[in-house]
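Residue numbers (full-length UniProt numbering): 50 to 370.
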Ligand code: SAM
């Protein structure tokens, strides 16, 4: 359904890099399971997915613990992409899902994925929840889902690998946070994963250049990046083999925490991926998922010879995310 008008103070749609980012994701080729499994970043993607499963389950548990009785949980997946987390929401037994993304094609694929699973399972596994789909630049427009619940707010907002796009400007970050806050019930949770700006800066410094990376990923800043970069709009290009090649913005954590507070969002915890990875290893449910999701296996046998020399670099790539 239709999203709202641009919010006061935000840039017009045609300004900024929103259209570049949307077009990048719209043009991403949909690869089949077989093709994905031979990709050099197969295990990197699986491990990211596994970590997301942990985070999502953790948050759903937190939401449910706060309730006296079991009750149906609703979720807002902000920057949902092609619906890579649909199965996780299904396994988490939620009742309603709001999906929003700037990229129309990704949203069409997300919708199709949802519908197919629902058809296949007769609304059971993989489709046991209702869903709505909104195509909008969530950094510029006010998102108003048509929720079924009386308060029209959700229990959990999840923004996976997408929040950093709002750091293009202060106005866009405020709009994004407003979209989180306005749609979240009091006491609800917001969970987001973002690139680690400190790690990026440290690697940039060690590289002695305006770029760093390896064969599978690169991070490249403009050569003329200022000595005192702006807090918003500190742009770099992120390339990850076969998946991403698009501008992103550094997120300054203290600024994010301060702004989030303005929108009634209190920081509960922030952890880097290595820590969350270790936390997830202690979790019995996630231990089982390790093999189901093919997280730890090194590489497909036939590829192994080719990649052994740069194995260490792939491990770095995994830690980078
Ligand atoms: N959350 C999904 C996942 O974890 O698989 C997709 C992550 S993908 C790396 C980033 C997503 O953010 C893309 O689908 C992109 O279209 C979306 N995105 C980027 N800028 C956005 C914006 N301003 N508003 C809404 N979605 C945006």
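Cβ coordinates follow ideal geometry from the N, Cα and C atoms, glycine included.
Would you kindly work out how many angstroms separate the C-alpha atoms of residue 145 and residue 79, rounded to a whole number?
Their backbone Cα atoms lie some 26 Å apart in a straight line.
If you measure from the CB of residue 209, is any heavy atom of ligand 1 nearer than 7 Å?
Result yes, Cβ under 7 Å from ligand 1.
May I have the straight-line CA-CA distance separating residue 153 from residue 223, to the nearest angstrom?
Roughly 23 Å separates the two Cα atoms.
Going by beta-carbon coordinates alone, are residue 67 and residue 186 separated by less than 8 Å?
For residue 67 and residue 186, yes; Cβs fall inside 8 Å.
Per DSSP, residue 145 forms a beta bridge with which residues?
Answer is 123, 179.
If we ignore side chains and look at the alpha-carbon of each, how far apart do residue 121 and residue 258 end up?
One C-alpha to the other measures close to 51 Å.
With a threshold of 7 Å, establish whether the CB of residue 108 neighbours any heavy atom of ligand 1.
No, the Cβ of residue 108 stays beyond 7 Å of every heavy atom of ligand 1.
My assumption, with CB atoms under 8 Å, is that residue 24 sits in contact with residue 155. Please give the rounded CB distance.
A query on residue 24 cannot be resolved here, the shown segment of the chain reaching from 50 to 370 and no further.
Pull up the distance between the alpha-carbon of residue 325 and that of residue 131, whole angstroms please.
Near 24 Å, if we compare the C-alpha coordinates of residue 131 and residue 325.
Sorted by chain position, which residues of the same chain lie with C-beta nearer than 7 Å to residue 345's C-beta, five sequence neighbours on each side aside?
339, listed in sequence order.
On the criterion of 16 or more Cβ atoms from any shown chain inside 10 Å, does residue 194 qualify as buried, or is it exposed?
So residue 194 ends up on the buried side.
Taking the continuous alpha helix (DSSP H) assigned at residue 67, which residues delimit it?
That run of the alpha helix (DSSP H) goes 67 to 75.
Please name the residue in 234, 242, 142, 268 whose C-alpha comes closest to that of residue 106.
Selected option, being the one with the closest Cα: 142.
Could you check where the alpha helix (DSSP H) with residue 140 kicks off and where it finishes?
135 to 140 is the span of the alpha helix (DSSP H), which, as asked, contains residue 140.
For residue 270, collect the residues of the same chain with a Cβ closer than 6 Å to its Cβ; drop the 5 residues on either side in sequence, then sort them by chain order.
So the qualifying residues of the chain are 259, 285.
With three or more C-beta pairs closer than 8 Å as the rule, is the stretch 88 to 103 touching the stretch 299 to 308?
Too few Cβ pairs lie closer than 8 Å, so no.
Just to confirm, are residue 98 and residue 342 a CB contact at a threshold of 8 Å?
Taking 8 Å as the Cβ cut-off, residue 98 and residue 342 qualify as a contacting pair.
Considering Cα atoms alone, identify which of 331, 218, 330, 244 is closest to residue 279.
Nearest C-alpha to residue 279: 218.
Tell me the DSSP secondary structure of residue 209 in three-state form.
Residue 209: strand per DSSP, three-state reduction.
Under the criterion of a Cβ to heavy atom distance below 7 Å, does residue 100 qualify as lining ligand 1?
Every heavy atom of ligand 1 is 7 Å or more from the Cβ of residue 100, so no.
For residue 344, which of helix, strand or coil comes out of DSSP?
Coil, per DSSP.
Enumerate in chain order the residues of its own chain whose CB-to-CB distance from residue 283 is below 7 Å, with the five nearest sequence positions on each side excluded.
Cβ neighbours of residue 283 beyond the five flanking positions: 298, 299.
Flag residue 90 as yes when its Cβ comes closer than 7 Å to any non-hydrogen atom of ligand 1, and as no otherwise.
No, Cβ of residue 90 sits at least 7 Å from all heavy atoms of ligand 1.
Pick helix, strand or coil for residue 246, following the three-state DSSP scheme.
In this structure, residue 246 counts as helix in the three-state DSSP scheme.
Could you spell out the range, first to last residue, of the beta strand (DSSP E) harbouring residue 267?
It spans 266 to 269 - the beta strand (DSSP E) in which residue 267 sits, taken as one unbroken run.
For residue 64, which of helix, strand or coil comes out of DSSP?
Three-state result, residue 64: coil.
Grab me the residues of residue 210's own chain with a C-beta within less than 7 Å of its C-beta, minus the 5 sequence neighbours each way, in chain order.
Closer than 7 Å at Cβ, skipping near neighbours: 242.
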